[in-house]
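Everything on this sheet refers to the single structure shown next.
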Amino acid sequence: MWEDYLFPTTVEQALAILRDHRGEARIIAGGTDLILELENGERATNCLVDITRIPGLDGIELQDGYITLGANVTHAQVADSTLIQERATALAEGCQQVGGPQIRNIATVVGNVVSSQPAADATLPLLALDAEAEIADEEGTKWHALGTLFEGPGSSRVDSTAQMVTRLRFLPLSARQGSAYERFARRRALALPILAGAVVVETDATGKVFEGVRISLGPVAPVPFRARRTEKALRGSSTDGASIATKVHTVLKEAKPRTSILRASMEYRRELLPVLLRRGITRALQRARG
Amino acid sequence: MKRKLEMDVNGKRIVLEVEASAMLVDVLRDQLGLTGTKVGCREGECGACTVLVDGMAVNSCLVPALKVRGRRVETIEGLASEGQLHPLQEAFVERGAVQCGYCTPGMIMAAKALLDKNPHPNREETKSGLSGNLCRCTGYSKIIEAVEQVAGFGEVE
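From first to last, the protein sequence lines stand for chains A and B. Counting with the working numbering, you get residues 16 to 305 for the letters of the first sequence. Counting with the working numbering, you get residues 293 to 449 for the letters of the second sequence.
Here it is, written out as structure tokens:
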């Protein structure tokens with residue numbers, strides 16, 4: 016398979032290696048998705064550029080009002096982070112449910128984003144948190160809204176033979192905001208989701224009205240999906256359980272799950288969608304109030 | 293292309309040449325003769341290949357060997373010391389947590405990583421810590437009992 020395996024010690028060095036190899040070299044961080052793709056021929060490369068020894072990319076920090084995650088931050092680190100558990104709970108919950116412990120120890124959150132799967136467990140919360148990714152390439156570094164990076168299942172706008180994501184950032188949740196991640200799967204570990212979603216809510220001062228609602232879902236589209244119609248239906252509405260139970264059915268007008276031989280039928284997923292949303296919203300609301 | 297790999301394996305410094313595309317599980321088994329680590333699925337879905345890298349459980353089938361340059365690797369062979377089995381190995385044997393034995397090295401390494409970080413896990417934490425390891429023989433009960441015995445919860449016979 017690949018002929019060489021290199022360890023740049025800076026981002027600049029990594030980009031220089033990519034440039035010199037002209038498309039024949041590729042970034043690897045944890046590699047748990049990439050190695051499989053290379054082994055089964057979905058992707059090919061001559062040279063892997065391992066970024067995990069570049070200092071300064073493994074931080075989970077609150078800085079200038081943003082929570083930032085470096086490119087080498089693993090799912091295990093996020094799941095264990097008190098900062099993330101308290102200020103972005105849905106992300107800690109999502110990362111905790113990736114694969115199994117061995118995968119979480121080595122797979123990175125940025126890798127989850129770049130893998131571009133519609134139901135990726137770190138990506139969905141990040142999307143609901145309106146996260147941005149900093150992409151570094153020969154032209155410099157630039158922040159991009161996460162939602163602009165997905166072109167299709169397994170297809171990222173990030174070209175890992177010429178670019179690398181160095182960081183992710185999002186605004187931490189604060190008073191009257193809460194979040195939750197919901198996931199249905201056939202087993203509690205090592206199982207791809209039948210349906211998953213992240214919810215971020217904000218209430219008004221009385222706690223009785225939704226001021227803000229952000230919902231991400233997957234797999235209900237070729238890319239990770241923001242349920243904007245449902246968000247709009249909930250915004251300004253009552254946080255009362257009965258009201259939520261009615262409003263969540265809006266999601267069936269915009270999310271289009273399909274039948275998957277491996278995971279579940281379209282009909283089953285359509286039944287599950289409002290349930291998932293109701294549970295996620297209820298838990299997010301508890302946290303907004305708590 | 294062959295590249296030099298230096299790493300610590302079970303407390304011993306090892307220097308060897310590996311193919312750039314070699315996976316850690318194959319280097320351990322085929323080049324170092326440490327066949328305790330098993331190949332199950334080669335997809336990171338079964339945990340039979342679990343080893344510890346700097347104390348963390350990983351699926352060695354998915355780790356390029358060169359990735360662990362300079363790191364500390366622990367395999368099942370490193371657990372027994374001076375002819376004495378590690379408490380986890382003792383407990384697995386006593387509790388009947390070994391049937392065909394194929395999942396056992398990976399299971400024990402995952403359990404070791406769990407207990408090294410959390411010496412007294414509750415049952416949910418134990419199950420979660422082992423959730424990356426499949427067993428087709430035992431139905432897991434005896435495995436969980438063995439881990440809980442080492443964690444100080446079970447009865448020691």
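Beta carbons: idealized from backbone N, C-alpha and C, even for Gly. Source: prediction; values computed, not measured.
- Within the model, the alpha-carbon separation for A:S253 versus B:I400 is close to 51 Å.
- Under the 10 Å beta carbon count, A:I296 is surrounded by 16 or more other beta carbons and is classified as buried.
- Between A:V125 and A:V64 a beta carbon distance of about 14 Å is seen, past the 8 Å cut, so the two are scored as non-contacting.
- Within the DSSP bridge table, the entry for A:D65 names A:I43 as partners.
- Taking CB atoms only, B:V365 has no neighbour in chain A less than 9 Å away.
- Assignment of A:R34 by DSSP, reduced to helix, strand and coil, places it in the helix class.
- Here B:H412 carries a coil assignment [DSSP, helix/strand/coil].
- In the DSSP assignment, A:P208 forms a beta bridge with A:A200.
- When C-beta distances to chain B are compared with 8 Å, the residues of the region 107-123 of chain A below that value are G114, G115, P116, Q117, I118, N120 and I121, in chain order.
- Neighbours of A:W17 across chain B, judged by C-beta separation under 7 Å: A312 and S313.
- The shortest C-alpha to C-alpha distance from A:I66 to any of A:A279, A:Q111 and A:R182 is the one to A:R182.
- A:S171 sits in a strand when the DSSP states are folded into three classes.
- At the C-beta level, B:G339 and B:G398 come within 9 Å of one another.
- Of A:Y283, A:M16, A:L141 and A:E153, the smallest CA-CA separation from A:L30 is found for A:E153.
- Bridge pairing for A:D152: A:G155 [DSSP].
- Taking 9 Å as the CB threshold, B:G444 stays off the interface with chain A.
- In the DSSP assignment, A:A190 falls outside any beta strand (DSSP E) and carries neither an H nor an E.
- Scanning chain A for C-beta atoms nearer than 9 Å to the C-beta of B:N302 yields nothing, as the closest lies near 19 Å away.
- In the three-state reduction of the DSSP assignment, A:L287 falls in the helix class.
- Note that the region 205-216 of chain A does not touch the region 77-90 of chain A; fewer than 3 beta-carbon pairs, one per stretch, sit closer than 8 Å.
- By the 16-neighbour rule on beta-carbons within 10 angstroms, B:D322 is exposed.
- Flagged as an interface residue toward chain B: A:Y20, by a C-beta distance shorter than 9 Å.
- Taking CB atoms only, A:E39 has no neighbour in chain B less than 9 Å away.
- In this structure, the straight-line span from the alpha carbon of A:F22 to that of B:Q391 is close to 42 Å.
- Between A:R198 and A:Q112, the gap from beta carbon to beta carbon is short of 9 Å.
- Using a Cβ-Cβ cut-off of 9 Å, B:M299 does not count as an interface residue toward chain A, since no Cβ of chain A sits closer than that to its own.
- Comparing alpha carbon positions, the residue from B:V317, B:G370, B:L316 and B:V345 closest to B:R364 is B:V345.
- Between the region 247-264 of chain A and the region 219-237 of chain A there are three or more C-beta pairs closer than 8 Å, enough to call the two in contact.
- Under the three-state reduction of DSSP, A:P140 is assigned to helix.
- Taken atom to atom, the span from the alpha-carbon of B:K404 to that of B:Q441 is near 13 Å.
- Relative to the Cα of A:T274, the nearest Cα in the group A:R241, A:V235 and A:V266 belongs to A:V235.
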